[in-house]
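If you're matching positions, the sequence shown starts at 4 in our numbering and goes up one per residue.
Report on the structure given below.
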Amino acid sequence: MKHINEFSRLFLLGVLVLCLHTAGDAQIIVSPANNGKSADASGFYYALPRNFIKLDFILEKNQRFRGPYADFTSKNLGVEQYVKQDEVVYTLLDVIVTTYTEPDPAAYFFVEFDERGSKDARSLVFNLMPDGIILAADDADNRAAGTKSVTETTLVNAPESSHFQYYAERNLYQRVDTIMRKITIDTTTIKRNILQTSWVDRNPEQKARSAADMINKIRESRYNLISGYQEINYGQSIVYMNEELNKLEDEYLSLFLGKESRSIEKQTLLFLPEPGKTGLVPVAKLNDNSGITDLNGKGENIQLKIDLTGVTQNLINDNKNTGKSKITNSVYYRIPEYVEVAVMFKGRSWAKQRMAISQLGPISVAPVMKTRLVFDAETGMIKTVKRD
């Protein structure tokens with residue numbers, strides 16, 4: 004009996020020493036944000052990243068403007084090919100596939116400092132992005148900087164100009180009427196012609212006829228210029244004058260034929276990959292008149308073909324319950340899954356890209372005590388491990 008009591012005392016003493024040793028070593032406790040924390044807990048939140056597939060659609064916007072004198076084109080110019088109505092047509096030129104990163108709302112964790120831990124706990128440094136994504140966990144501030152991929156796209160368009168410069172011209176014209184007055188004195192009759200001048204509005208057909216006359220005058224002036232009718236040596240300035248006359252003629256012709264303007268636009272769409280959402284996934288539609296629209300709009304379907312490479316399949320099975328409970332002196336991080344992404348439109352593959360999607364991979368655990376960890380800001384994966 005005496006030996007049993009002595010054994011019990013030794014066992015309890017060993018358990019007490021072990022607990023004190025564990026308490027002395029405990030520095031941080033990391034728990035999922037949705038588990039709740041005590042009101043007096045001292046610590047901070049950090050997040051793991053998630054990735055969107057960012058699609059930049061490069062579109063050609065073709066605008067056609069009907070000329071103000073289009074109704075009189077056939078009569079005045081004898082032309083049947085002209086813009087008969089205003090319209091806008093979008094054409095897909097290219098698709099640029101990249102990723103966009105933000106904190107994952109489902110992967111926030113609270114880091115609680117254990118005040119019972121050793122003094123070294125106060126020297127532990129965590130580096131975070133401004134949005135809360137973890138960058139590093141080590142025992143010295145290494146000023147780790149988050150890097151994000153940047154794709155530069157330069158779209159060059161012609162400067163905007165007024166559509167019809169010579170449409171706003173004088174609306175009045177001078178009309179001269181001849182009034183004949185008869186004056187009878189006794190048997191003598193005198194006829195007097197009186198010219199009466201007035202200003203009246205020109206109707207659209209008269210304006211169109213005036214514009215057509217101006218086109219003929221411009222062509223005649225250009226013919227006289229290049230044929231040397233004035234017998235003047237203009238030197239190199241004749242080239243400039245001829246170009247300006249051509250521009251003037253084009254402006255007047257546009258009053259009848261209309262104008263066409265082409266520009267390049269970029270419209271961006273973000274798509275969030277989720278587990279189980281693979282294969283062909285419709286993401287948007289392309290409308291000829293309005294460009295990229297949502298799936299409820301009219302137009303041709305734009306689809307994403309997402310194929311998992313499966314490089315993290317075994318890791319997912321090993322870590323399927325990770326990230327749901329508290330851990331001590333360790334942090335959660337992500338191991339990204341790689342996917343093959345293709346943009347499909349009208350049966351054609353417009354862009355193919357292999358990229359890392361962090362939320363499709365597992366969450367795992369890494370120790371922080373006497374270990375320097377540096378994480379990738381885009382994927383949440385460990386980039387550097389240094390064991391002291």
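We treat Cβ as the ideally placed atom computed from N, Cα and C, and that holds for glycine.
- Met384 carries a coil assignment under DSSP once its states are collapsed to helix, strand and coil.
- Taking the Cα positions, Leu298 is about 24 Å away from Val342.
- It is roughly 35 Å from the alpha-carbon of Pro276 to the alpha-carbon of Ser45.
- For the pair of segments examined, the stretch 250-263 was found not to touch the stretch 44-63: the number of CB pairs separated by less than 8 Å stays below three.
- Here DSSP, grouped into helix, strand and coil, assigns Gln239 to coil.
- With fewer than 16 other CB atoms across the displayed protein chains lying within 10 angstroms of its CB, Leu273 is exposed.
- With respect to Arg337, Gly294 sits apart: the two C-beta atoms are not nearer than 8 Å.
- The three-state reading of DSSP puts Ile338 in coil, since its state is none of H, G, I, E or B.
- In this structure, Ile305 sits away from Lys280, with a CB-CB distance that is not shorter than 8 Å.
- Runs of the beta strand (DSSP E) lying entirely within the stretch 60-103 and spanning at least 3 residues: none are present.
- Restricted to the stretch 226-310, the alpha helix (DSSP H) segments that are unbroken, complete and at least 4 residues in length are 240-260, listed in chain order.
- The straight-line gap separating the alpha-carbon atoms of Arg67 and Leu95 is approximately 18 Å.
- By a beta-carbon distance limit of 8 Å, Asp291 does not contact Val98. Their separation comes to about 17 Å.
- By the Cβ criterion, the stretch 352-363 is not in contact with the stretch 126-138, since fewer than three pairs of Cβ atoms, one from each stretch, lie closer than 8 Å.
- A straight line joining the alpha-carbon of Pro108 with that of Tyr49 spans about 11 Å.
- Taken through DSSP and simplified to helix, strand or coil, Lys57 comes out as strand.
- When the five nearest sequence neighbours on each side are left out, the beta carbons in the same chain lying within less than 6 Å of the beta carbon of Val33 are those of Phe112, Val114, Ile330 and Val334, in order along the chain.
- The beta-bridge partner set that DSSP reports for Gln30 is empty.
- By the neighbour-count criterion, in which a residue is buried when 16 or more other Cβ atoms sit within 10 angstroms of its Cβ, Val388 is exposed.
- At a Cβ-Cβ threshold of 8 Å, Ala110 and Leu376 do not count as neighbours.
- Pairing Ile229 with Leu256 gives a Cβ-Cβ distance that is not under 8 Å.
- Around the CB of Asn249, fewer than 16 other CB atoms lie within 10 Å, so the residue is classed as exposed.
- Taken atom to atom, the span from the alpha-carbon of Phe348 to that of Tyr103 is near 22 Å.
- Here DSSP, grouped into helix, strand and coil, assigns Lys210 to helix.
- Closest by C-alpha distance to Pro339, out of Arg351, Trp353 and Asn317, is Asn317.
- Ranked by Cα distance from Pro278, the options Phe60, Leu311 and Ser266 are led by Leu311.
- In this structure, DSSP gives Ala215 a helical state, which the three-state scheme calls helix.
- Under the DSSP assignment, Gln362 falls outside any alpha helix (DSSP H); it carries neither an H nor an E label.
- Listed in chain order, the non-local C-beta contacts of Arg212 below 8 Å within the same chain comprise Phe75 and Asn79, local neighbours out to five positions each way being set aside.
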